[in-house]
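Novice: Numbering (my numbering), first residue to last: 2 to 332.
We put the CB at the ideal spot given by N, CA and C, even for glycine.
Got a structure for you, questions after.
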């Protein structure tokens, strides 16, 4: 087995993974000071590899084997007592690990990513359970394509979104106590927005993420979600989910009050980006039935400039105008 790289080399590797992703999420890392930016790259690279294992075209049982191996390797390597530049791999190295269909070389990725991930986890006291829950979320996505109740959907959203947010909070830093409830709600708001945006795409993959409990209240069946077409019942369903997400965004913003100033710009940009996306869905709820709703280049540029240019960031309202308008509506 090849010796793992130094911590510095591992950080260079996770930065390459993050940069090559082309993700808007990665671009927001530049709002953070360098040490926190490096830690975010380590977390992102870990999550990216995990997602790649879940998204590849291998058989479901094979993906599950790979994800189980990756989880055991993660659990073995997040101990605070072990040397940072040492990597422990599970004893059972299964033949499927070397399969040509594997999207990444798991043993090599573990060697390259874990030193930086463990250093970041120790430096910012990220509980290893959040990392394991990220893997559990991807695993759940292999096994579950329907949700009967909203509570089931909440648990899924916690694994795939809120656990990531809680890990980010440790990197951004916060005043005790950890704003756990607000962070969980914020992750739910982001993921519910993703689900609404992707109704049409998910239908093409045979997936329904909105809970049966909700769509049956509108007289809808699975077929109505799998073959979505303009329908007042579907628009009413989307309207209901939008209002639910709006409430989650409102409680999720409470994270702001606990955040270290270093972390506020990145949190604000992510919150406002998803909230703006939800507003576009709310303005035309029927649009998600035909296409994937997104922000225009102009909207993205406006959002980025308001966060990267410090005078403009300082002028941003807190709480955001969306929350103020919600207050006025309730009055």
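Excluding the 5 residues flanking residue 277 on each side, which residues of the same chain have their C-beta closer than 8 Å to its C-beta?
Specialist: Contacts found: 296, 300 and 304.
Novice: Suppose you measure from the CA of residue 10 to the CA of residue 309; what does that come to, to the nearest Å?
Specialist: Going from the Cα of residue 10 to the Cα of residue 309 covers about 28 Å.
Novice: Fully enclosed by the region 173 to 255, which alpha helix (DSSP H) runs are 4 residues long or longer?
Specialist: 181 to 198, 200 to 205, 213 to 216, 223 to 227 and 233 to 253, all fully within the region 173 to 255.
Novice: How would you call residue 332, buried or exposed, if buried means at least 16 neighbouring beta carbons within 10 angstroms?
Specialist: Here the model assigns residue 332 a pLDDT of 44, short of 50, so the residue's position is not dependable and the matter cannot be decided.
Novice: Determine which residues share a DSSP beta bridge with residue 317 and list them.
Specialist: Its beta-bridge partners do not exist; DSSP assigns none.
Novice: Could you check where the alpha helix (DSSP H) with residue 107 kicks off and where it finishes?
Specialist: That run of the alpha helix (DSSP H) goes 107 to 124.
Novice: Which word fits residue 261, buried or exposed, when buried means at least 16 other C-beta atoms lie within 10 angstroms of its C-beta?
Specialist: Answer is exposed; the Cβ neighbour count stays below 16.
Novice: Alpha carbon to alpha carbon, what distance is there between residue 62 and residue 201?
Specialist: Cα-Cα distance, rounded: 26 Å.
Novice: Is the beta carbon of residue 138 sitting closer than 8 Å to the one on residue 161?
Specialist: Cβ distance < 8 Å, so residue 138 and residue 161 count as in contact.
Novice: Just mark residue 329 as buried or exposed, buried being the case when its beta carbon has 16 or more other beta carbons within 10 Å.
Specialist: Residue confidence for residue 329 is low, a pLDDT of 49 falling below 50, so the modelled location carries little weight; the figure read from the coordinates is stated next. With fewer than 16 Cβ atoms within 10 Å of its Cβ, residue 329 is classed as exposed.
Novice: From the DSSP output, in three-state form, read off residue 333 for me.
Specialist: Residue coverage of the chain in this structure runs from 2 to 332, which leaves residue 333 outside it and unanswerable.
Novice: Give the single residue among 215, 136, 39 and 194 whose Cα lies nearest to the Cα of residue 152.
Specialist: For residue 152, the nearest C-alpha among the options comes from 215.
Novice: Tell me, which residues are paired with residue 260 by DSSP?
Specialist: According to DSSP, residue 260 bridges with 175.
Novice: Mind checking residue 289: buried by the 16 CB within 10 Å criterion, or exposed?
Specialist: By the neighbour-count rule (16 or more Cβ atoms within 10 Å), residue 289 is buried.
Novice: Across the region 71 to 81 and the region 106 to 125, are there enough close Cβ pairs to call them in contact, namely three or more that are closer than 8 Å?
Specialist: Counting Cβ pairs under 8 Å, three or more are found: they touch.
Novice: Distance, Cα to Cα, residue 116 vs residue 129?
Specialist: Going from the Cα of residue 116 to the Cα of residue 129 covers about 14 Å.
Novice: Here's the rule I'm using: 16 or more other beta-carbon atoms within 10 Å means buried, otherwise exposed. How should residue 362 be labelled?
Specialist: With the chain covering 2 to 332 only, the question about residue 362 has no answer from this structure.
Novice: For a quick check, are the C-beta atoms of residue 193 and residue 136 less than 8 Å apart?
Specialist: Not closer than 8 Å, so no.
Novice: Where are the alpha helix (DSSP H) runs, 4 residues long or more, that stay fully inside the region 15 to 57, in chain order?
Specialist: If we require 4 residues or more, the alpha helix (DSSP H) runs fully inside the region 15 to 57 come out as 25 to 29 and 35 to 56.
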